[in-house]
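To keep things clear, I will list the structure first and then write my remarks on it.
Numbering (the working numbering), first residue to last: 2 to 307.
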């Protein structure tokens with residue numbers, strides 16, 4: 002079975018560096034008569050001295066504590082009963098994955114902008130440790146088969162979940178279980194204070210020094226229509242005024258508790274293999290195979306895609 006693993010991030014990826022041409026100067030006979038004028042000031046370096054590692058955005062105003070804190074990877078429900086979600090519009094990266102019955106579930110990664118609370122928090126799946134493991138922070142979730150919890154722990158991850166006795170979770174009044182579990186990020190950060198901040202994982206484009214790959218060589222498009230299943234049909238529409246891809250679900254704007262429509266600077270769609278995994282000790286669940294040596298995908302940025 003083929004399914005899409007969608008990835009929304011905030012900063013653009015840069016193409017491979019091109020050789021810098023050797024400048025030449027040609028003088029004409031009249032050059033000696035031209036009045037000498039002051040050379041214009043060189044343009045400011047567009048690359049910030051300090052950046053947030055998952056977005057490439059300027060972090061010069063951030064505190065040392067904020068820069069040193071780990072990235073929180075939190076499992077967020079995306080079924081109809083879970084909407085609107087809380088806090089995901091502030092994530093650096095959001096992964097959307099295929100789970101049982103064709104619904105999608107999210108892995109929201111927070112580092113540069115961490116909300117006070119996030120929800121609704123839901124269960125972990127066997128592919129989550131491979132999706133977020135390179136960020137080095139904790140995996141926050143609620144519920145999972147015991148075998149999948151053991152596999153994630155044995156991979157070296159720090160797990161924060163009700164299942165393993167972690168704190169920071171509470172039930173929200175006005176919603177019914179299991180769609181009402183919220184999490185407090187300050188508690189999650191306190192429980193993972195022994196972990197480091199994530200490393201830089203991409204090359205970022207800083208115009209006019211460099212141009213995002215899709216913008217430089219891509220094909221113009223206005224809408225990215227994704228059909229994962231009958232239950233998961235996300236769509237991203239390019240908004241030139243906001244310079245962002247705006248998210249809808251079956252034609253309805255995807256808004257969070259704050260009333261903000263979910264958006265992304267870049268959208269990456271991966272066509273991946275799905276296999277059923279029964280090693281958790283319970284019923285088999287679909288697992289997205291994200292570790293592979295080949296595959297197809299689309300990267301969209303700036304109203305274009307490659």
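In this text, a Cβ means the ideal position worked out from N, Cα and C, and glycines have one as well.
Mapping DSSP to helix, strand and coil, what is residue i?
i	result
residue 53	coil
residue 200	coil
residue 89	helix
residue 68	helix
residue 135	helix
residue 59	strand
residue 302	strand
residue 147	helix
residue 126	coil
residue 191	helix
So what does residue i bridge to, in DSSP terms?
i	result
residue 74	110, 140
residue 276	288
residue 254	249
residue 261	In DSSP, residue 261 forms no bridge with anything.
residue 118	185
residue 105	99
Spatial neighbours of residue i within its chain, please: CB distance less than 6 Å, with the 5 preceding and 5 following residues excluded, ordered by chain position.
i	result
residue 292	131
residue 274	290
residue 281	146, 148, 149
residue 297	272
Tell me which same chain residues have a C-beta within less than 8 Å of the C-beta of residue i, skipping the five on either side of it?
i	result
residue 51	59, 60, 61, 63, 68
residue 208	47
residue 139	71, 73, 74, 158, 159, 160, 161, 189, 192, 193, 196
residue 240	246, 247, 264
residue 172	178, 181, 182, 183
residue 91	111, 114, 115, 116
CB-CB under 7 Å to residue i, same chain, minus the five flanking residues each way: which ones, in chain order?
i	result
residue 82	180
residue 87	118, 119, 120, 183, 257, 258
residue 285	277, 278, 279
residue 36	Low confidence applies to residue 36: its pLDDT is 48, below 50, so where it sits in the model is not reliable, and the reading given next is rough at best. Cβ within range, chain order: n/a, list empty.
Below 8 Å on the Cβ atoms is my contact criterion, and I expect residue i with residue j to pass it. Report the Cβ-Cβ distance as a whole number of Å.
i	j	result
residue 74	residue 108	6 Å
residue 128	residue 249	That pair is no contact at about 25 Å.
Segments of 4+ residues assigned as alpha helix (DSSP H) that fall wholly inside the region 203 to 243: 214 to 218
Entirely enclosed beta strand (DSSP E) segments - the region 151 to 188, minimum 3 residues: 160 to 162, 170 to 172, 182 to 185
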